[in-house]
Amino acid sequence: MYFESKRSGGKKEKVVESMKTFEEGVIHVKFESPDDALAVIAHGEHSIKVKKMPCKLEVRYVPLPPVKEYDKNKLIIKDIPEGVEEVVLSMFIEKHLGIDEEDFTIDLRSGVAILLLESSYTDE
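Under full-length UniProt numbering, the first residue of the sequence shown carries the number 1, and numbering increases by one thereafter.
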């Protein structure tokens, strides 16, 4: 692919994380590394051959939408089978999150549990 090659800009090959077609003639290419994206943009003009005919490419930066912040002290567990007791769910949580029973509170309601943690589950 053109954008993974050295021809698209820079001295090294690049890693494309994803490609998505938005509409005819518009493709969004996301690079694994921001440096790779900058190298492609800095390269200036881009062209490829389509059926042996040169075709210019317009390359521009499109900012990513902001990422929504979530409260890392709360988890929601869905699709809990009917009849699962809170004590069983508590043991499951202790085992899979590696936390003690004193470190969280469970609010279990018809197939959904809200888990309130004493500290963020991403804390080391």
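C-beta: ideal position from N, C-alpha, C; glycine also.
{"Asked": "Bounding residues of the alpha helix (DSSP H) (the contiguous stretch that carries valine 40)", "Found": "34-42"}
{"Asked": "Nearest-angstrom Cα separation, counted from glycine 83 out to leucine 115", "Found": "18 Å"}
{"Asked": "N-terminal and C-terminal residue of the beta strand (DSSP E) that valine 87 is part of", "Found": "No beta strand (DSSP E) holds valine 87; the alpha helix (DSSP H) holding it covers 86-97."}
{"Asked": "Cβ-Cβ distance between alanine 113 and leucine 89 below 7 Å", "Found": "yes"}
{"Asked": "Best match in Pro54, Lys51, Ile48, Arg60 for proximity to phenylalanine 31 [C-alpha to C-alpha]", "Found": "Arg60"}
{"Asked": "Where valine 23 sits in the DSSP three-state scheme", "Found": "Going by the sequence as given, residue 23 is glutamate instead of valine. Strand at glutamate 23."}
{"Asked": "Cα-Cα separation between serine 47 and isoleucine 41, rounded to whole angstroms", "Found": "13 Å"}
{"Asked": "Residue burial classification, phenylalanine 104 (beta-carbon count within 10 angstroms, cutoff 16)", "Found": "buried"}
{"Asked": "Spatial distance of valine 26 from valine 50 (CA atoms)", "Found": "15 Å"}
{"Asked": "Residues that DSSP places opposite valine 50 in a beta bridge", "Found": "Met53"}
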